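Asks: With my numbering, the residue at position 42 of the sequence shown is 591, and numbering never jumps.
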Amino acid sequence: MQRLIEGVHKFQKDEFGNYRKLFRKLSQEGQNPHTLFITCSDSRVLAELITQSKPGDLFVVKNVGNIVPPANARGDTNSTAAAIEFAMETLRVSDLVICGHSQCGAITQLLDKAPVSEATPHLRDWLKLAAPVVETLNRNYTHLPGSRERETAAAEENVLFGLDNLHSYPCVQDRLMDGSLQLHGWFFKIATAELFAYDPDTRQFSPLAPEH
Numbered sequence: 550m551q552r553l554i555e556g557v558h559k560f561q562k563d564e565f566g567n568y569r570k571l572f573r574k575l576s577q578e579g580q581n582p583h584t585l586f587i588t589c590s591d592s593r594v595l596a597e598l599i600t601q602s603k604p605g606d607l608f609v610v611k612n613v614g615n616i617v618p619p620a621n622a623r624g625d626t627n628s629t630a631a632a633i634e635f636a637m638e639t640l641r642v643s644d645l646v647i648c649g650h651s652q653c654g655a656i657t658q659l660l661d662k663a664p665v666s667e668a669t670p671h672l673r674d675w676l677k678l679a680a681p682v683v684e685t686l687n688r689n690y691t692h693l694p695g696s697r698e699r700e701t702a703a704a705e706e707n708v709l710f711g712l713d714n715l716h717s718y719p720c721v722q723d724r725l726m727d728g729s730l731q732l733h734g735w736f737f738k739i740a741t742a743e744l745f746a747y748d749p750d751t752r753q754f755s756p757l758a759p760e761h
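#1: Around the C-beta of Ala680, are 16 or more other C-beta atoms found within 10 angstroms, so that it is buried, or is it exposed?
#2: Suppose only complete runs of 3+ residues qualify. What are the beta strand (DSSP E) ranges in the stretch 589 to 658, listed by chain order?
#3: Under a three-way DSSP split, which group does Glu743 fall into?
#4: What does His733 pair with, by DSSP beta-bridge criteria?
#5: Could you tell me the distance, in whole angstroms, from the CA atom of Ala620 to the CA atom of Thr657?
#6: Return the residue from the list Ile633, Ile616, Phe572, Ser628 that minimises the CA-CA distance to Lys603.
#7: With distance defined between alpha-carbon atoms, name the residue in Pro670, Lys662, Val646 nearest to Asp713.
#8: Measure the C-alpha to C-alpha separation of His716 and His671 and round it to an integer number of angstroms.
#9: Would a C-beta distance cut-off of 7 angstroms place Val609 and Phe586 closer than the cut-off?
#10: State the DSSP-derived secondary structure class of Lys662, mapped to helix, strand or coil.
#11: How far does the alpha helix (DSSP H) with Pro756 in it extend, from its first residue to its last?
#12: Hey, how far is the Cα of Pro749 from the Cα of Gln561?
#13: Excluding the five sequence neighbours on either side, which residues of its own chain have a C-beta within less than 6 angstroms of the C-beta of His761, listed in chain order?
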């Protein structure tokens, strides 16, 4: 905690001056982010850092395993839906990114054949939402040699699973129909900080190329 407190004071003393005008503008005009960025709660995955975004640019949702539940999931298993609806209807973001990553603990747990501990019932129910990812892995990736390769494939399939589930949200469907929203599937490799984007034409994750 002391480290956090020192960081707060350092920001206020050394960094805030660089953002003073921006924060004042955001305070007066409200937020107007261009992208809803759904990623994992993993402490190594920082959306603003890896995209070099400023305050106000991204509406970020972090959850365990960057899972996007289907729209019909209810109760405490679908708080992510509230953020999706808010971003679509109130903030009117133009882009939506689901960003998975390597060495994801949630994916490791998802693939673990041992049952989730009874002490973590919310985690158990949350991971059950991604059960179709395991089914896809068992059906299409039996050729993979090791656990690391299987985990990477599962993490990428989880991104695609999330993109599919987004189509179950009427607010997303409406925005896609009128052409005001674009969906993107990304994968972040922690060891090298590389970002890969899913290409629907090749059906592969390829290095993220700059747009011209």
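Idealized CB from N, CA, C, for every residue including glycine. What you are looking at is a predicted structure, and each value in this text was computed from that prediction instead of being measured.
Replies: If we stick to the structure as given:
#1: exposed
#2: 607 to 612, 644 to 650
#3: strand
#4: Val646
#5: 25 angstroms
#6: Phe572
#7: Val646
#8: 25 angstroms
#9: yes
#10: coil
#11: Where Pro756 is concerned, there is no enclosing alpha helix (DSSP H), although the beta strand (DSSP E) it sits in stretches over 753 to 756.
#12: 44 angstroms
#13: Residue confidence is low: His761 scores 49 on pLDDT, short of 50, so the model does not pin down where it sits. Its coordinate-derived value is still stated next. Correct list: empty, nothing qualifies.
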